[in-house]
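Colleague:
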Amino acid sequence: MNHDNNSSLHNVSASSNNSTGRTLRPKKVSAKNLYTVTSDEDEDEVLEETEDEVEWNVDDPAIINNCDTVESVISSGASSEDEQVKVTLPKTALRSKWSKMLAPKRNKNNLAESSNETNHWVREEIVVPNQEPVTIPAPDEDLRDPYAYFQYFFDDSLLESIVTYSNSYSIWKDGSERNLNLTKTELQQFLGVWMYMGVNTLPGIRDFWAADTLVNQVASIMSFNRFQKIRSHLHFFDKSQEAFLPAGDRFAKVGLILDHMKKKCNDLDQEKYYSIDETMVPYKGKFAWALRQFIRNKPHRFGIKIFNLAGTSGIVYDFLPYAGSETFRGIEFSPEEEALGVGAKVVLSLARSIHDPANKSVFFDNYFASVKLVRHLKDNMHLLSTGTVRNNRIDHCPLISDKELKSKGRGAYDFKSSDGVQVTKWMDNKIVHLVSSLSGAGPEGTAKRYDKASKRRINVPIPHVIQLYNNKMGGVDLSDMLVEILRSPTKARRSQCICVYDGPGCCKFMALL
190 MNHDNNSSLH
200 NVSASSNNST
210 GRTLRPKKVS
220 AKNLYTVTSD
230 EDEDEVLEET
240 EDEVEWNVDD
250 PAIINNCDTV
260 ESVISSGASS
270 EDEQVKVTLP
280 KTALRSKWSK
290 MLAPKRNKNN
300 LAESSNETNH
310 WVREEIVVPN
320 QEPVTIPAPD
330 EDLRDPYAYF
340 QYFFDDSLLE
350 SIVTYSNSYS
360 IWKDGSERNL
370 NLTKTELQQF
380 LGVWMYMGVN
390 TLPGIRDFWA
400 ADTLVNQVAS
410 IMSFNRFQKI
420 RSHLHFFDKS
430 QEAFLPAGDR
440 FAKVGLILDH
450 MKKKCNDLDQ
460 EKYYSIDETM
470 VPYKGKFAWA
480 LRQFIRNKPH
490 RFGIKIFNLA
500 GTSGIVYDFL
510 PYAGSETFRG
520 IEFSPEEEAL
530 GVGAKVVLSL
540 ARSIHDPANK
550 SVFFDNYFAS
560 VKLVRHLKDN
570 MHLLSTGTVR
580 NNRIDHCPLI
590 SDKELKSKGR
600 GAYDFKSSDG
610 VQVTKWMDNK
620 IVHLVSSLSG
630 AGPEGTAKRY
640 DKASKRRINV
650 PIPHVIQLYN
660 NKMGGVDLSD
670 MLVEILRSPT
680 KARRSQCICV
690 YDGPGCCKFM
700 ALL
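For the sequence shown, the residue numbers in the working numbering are 190 to 702.
Encoded structure:
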């Protein structure tokens, strides 16, 4: 073989140690069998041509110019004396094209990759453990009044701490001559005025004291200048100890009130059904850094995100502010829980505050849900759960394909169960997946849906687990709606204060329930 020929460095060649001494040179190579080697003495081609999609001629100058000079040696036998083939690999542009064609095709429905992964899923309804009925005791006589209920959250110890820290900050900022001299009574008046602004809304805060739009319920309690001074000096930590705050804790400056509110919420008498979802405290300022989030489908798209645990009544029992990588500061997880992902860790951290979890149930959406999370809650916390789930988190459950389900029409569904966890696939406007350890697909119910063909509302079959999810999932959304109705002004330069300003509003609607 002539090694002076420049093209010979880029050709696929084979040399044999047998008696024939033949040189085997293929004329064409397909991407599918690029690395397939045969040793049939009756064949003149080592690499057979079996496909037409990406055929190329190794003698073509266009191919030669797009090849690297590095050669790969592929052995076709078990010993070094067997035939060997030198294959020149194409450059990046051609490699990327071949890699797409050589890559195994993915199942778009994300069904099982092998029979070993699907043999534990069966088409049977799950057996739900018996749960004792949960009755919420009547509130104490002292908490039946809305103002008394609000004082349960903003008690004397919290108000006195805020007064102390605010006066200390005033001295640090303005000097002792211009001290704020805030008292607990005046702080209560400030909170009352601020919450009343959410009931009787005006375009701006100054309008409550303006001559044309004067509101006596506000102006008779406090002047505008005094209100603004208290608002600008309000503090929730000791300014002299700022250097000793935990590094990286974005909510350290409001930790006093957040921890206090969290404890008060956890101590409330709880319900049987809970929902976990995110809520947005509106904020568009530039001082929030990574705290400010954007969620497209929320009423307030920009703001600080908080994960809430709420009952079906809208009462909030726990919350977790989102702080990026510091969200789970101080919360311990096992290696198994760490592997479940961020959304699952939110559920696990909030679910720990549920009293008597064996008799309770929790609902969440597809941001959090997975088969592994539902199974972990059932096996390790004895907590039953239900959630919509994304198609790539169903643990290779072999449900029927999207095409087959759509062909059966609206209301068709399929389900499989494994170890007390059931995955249900239902066809509505679009295909919906649910995973649950609380309920199965039966007993089947009906739902009213508008039919474009007949131009009227018709009855559509609906699995029981979806009916249960629709009835019990709306606790956090109900809480958001009620807070929004009576939302007080939240504009502030300090982004951490936005969460604090939303706290009294949440307590206000909870006191009115």
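Glycine included, each C-beta is placed from N, C-alpha and C at the ideal position.
Using 8 Å as the cut-off, can you tell me whether the segment 422 to 436 makes contact with the segment 352 to 364, which would need three or more C-beta pairs spanning the two stretches below that distance?
Modeller: Yes, the segment 422 to 436 touches the segment 352 to 364.
Colleague: Entirely within the segment 417 to 476 and at least 4 residues each: give me those alpha helix (DSSP H) ranges in chain order.
Modeller: 444 to 455
Colleague: Just confirm the distance between the C-beta atoms of threonine 501 and glycine 664, as a whole number of angstroms; I'd bet it's less than 8 Å.
Modeller: With a beta-carbon spacing of about 5 Å, threonine 501 and glycine 664 fall inside the 8 Å limit used to define contacts.
Colleague: Please list the segments of the beta strand (DSSP E) lying wholly inside the segment 576 to 629, counting only runs of 3 or more residues, in order along the chain.
Modeller: DSSP runs (the beta strand (DSSP E)) wholly in the segment 576 to 629: 602 to 607, 610 to 616 and 620 to 625.
Colleague: Based on the DSSP output, what are the partners of lysine 637 in its beta bridges?
Modeller: DSSP, once it has assigned bridges, lists Asn648 as partnering lysine 637.
Colleague: For glycine 364, which three-state DSSP category applies?
Modeller: coil
Colleague: Does DSSP put glutamate 525 in a helix, a strand or coil?
Modeller: helix
Colleague: Give the single residue among Val536, Ala499 and Asp401 whose Cα lies nearest to the Cα of leucine 671.
Modeller: Ala499
Colleague: Within this structure, are the beta carbons of valine 578 and asparagine 555 separated by less than 8 Å?
Modeller: yes
Colleague: Using the Cβ count rule (16 or more neighbours within 10 Å means buried), how would you classify glycine 437?
Modeller: Flag for glycine 437 reads exposed.
Colleague: Taking the C-alpha atoms as reference points, what is the distance between phenylalanine 552 and alanine 636?
Modeller: 20 Å
Colleague: Does the Cβ-Cβ distance between glutamate 460 and valine 317 come in under 8 Å?
Modeller: Going by C-beta atoms, glutamate 460 is not nearer than 8 Å to valine 317.
Colleague: Do you know how far the Cα of lysine 534 is from the Cα of phenylalanine 522?
Modeller: Each residue's alpha carbon lies about 8 Å from the other.
Colleague: Enumerated in chain order, which unbroken segments of the beta strand (DSSP E) with a length of 3 residues or greater are wholly contained in the segment 478 to 548?
Modeller: 481 to 483, 491 to 500 and 505 to 510
Colleague: Among Val505, Gln430 and Arg490, which residue has its Cα nearest to the Cα of tyrosine 462?
Modeller: Val505
Colleague: Since glutamine 320 and asparagine 486 are thought to touch, with beta carbons under 8 Å apart, how far apart are those beta carbons, to the nearest angstrom?
Modeller: Contact between glutamine 320 and asparagine 486 does not hold, since their C-beta atoms are separated by about 33 Å, which reaches or exceeds 8 Å.
Colleague: Taking DSSP's pairing of strands, which residues face valine 311 in a bridge?
Modeller: Ser606
Colleague: So what does DSSP say about phenylalanine 552, is it helix, strand or coil?
Modeller: strand
Colleague: When the Cα atoms are used, what is the spatial distance from serine 365 to glutamine 430?
Modeller: Each residue's alpha carbon lies about 19 Å from the other.
Colleague: Whose C-beta lies closer than 6 Å to the C-beta of valine 612 among residues of the same chain, with five residues either side of it excluded?
Modeller: Contacts found: Ile583, Cys586, Lys605 and Val624.
Colleague: When burial is assigned at 16 or more other CB atoms within 10 Å of the CB, is proline 510 buried or exposed?
Modeller: Buried, since its Cβ has 16 or more Cβ neighbours within 10 Å.
Colleague: Buried or exposed, going by whether 16 or more other CB atoms sit within 10 Å of the CB of arginine 645?
Modeller: exposed
Colleague: Am I right that serine 628 and threonine 575 are in contact with their C-beta atoms under 8 Å? What's the rounded C-beta distance?
Modeller: 7 Å
Colleague: Could you spell out where the alpha helix (DSSP H) holding arginine 564 opens and where it closes?
Modeller: 560 to 569
Colleague: Here's the rule: buried if 16 or more other CB atoms are within 10 angstroms of the residue's CB, otherwise exposed. What is isoleucine 543?
Modeller: buried
Colleague: Just mark alanine 441 as buried or exposed, buried being the case when its beta carbon has 16 or more other beta carbons within 10 Å.
Modeller: buried
Colleague: With C-beta atoms as the reference, is isoleucine 446 less than 8 Å away from leucine 347?
Modeller: yes
Colleague: Within its chain, find whatever has a CB closer than 8 Å to the CB of proline 488; leave out the 5 residues flanking it on each side and keep chain order.
Modeller: Met469, Asp669 and Glu673
Colleague: Could you give the distance in angstroms between the alpha-carbon of glutamate 525 and the alpha-carbon of histidine 571?
Modeller: 16 Å
Colleague: Taking only the alpha-carbon atoms, compute the straight-line gap between serine 359 and asparagine 368 and give it to the nearest angstrom.
Modeller: Rounded to the nearest whole angstrom, the CA to CA distance from serine 359 to asparagine 368 is 6 Å.
Colleague: Spell out a yes or no on whether the segment 639 to 655 and the segment 595 to 602 are touching, meaning 3 or more CB-CB pairs, one atom from each, closer than 8 Å.
Modeller: yes
Colleague: Between which two residues does the alpha helix (DSSP H) holding leucine 657 run?
Modeller: 653 to 661
Colleague: Can you name the start and end residues of the alpha helix (DSSP H) that proline 335 belongs to?
Modeller: From DSSP, the alpha helix (DSSP H) with proline 335 extends over 335 to 342.
Colleague: Can you give me the Cβ contacts of leucine 376 inside the same chain, cut-off strictly under 7 Å, excluding the 5 residues immediately before and after it?
Modeller: Answer for leucine 376: Leu348, Ile351 and Val352, listed in chain order.
Colleague: Mapping the DSSP letters down to three states, classify leucine 573 as helix, strand or coil.
Modeller: strand
Colleague: Do glycine 609 and isoleucine 315 have their beta-carbon atoms positioned less than 8 Å apart in this structure?
Modeller: Between isoleucine 315 and glycine 609, the C-beta spacing is below 8 Å.
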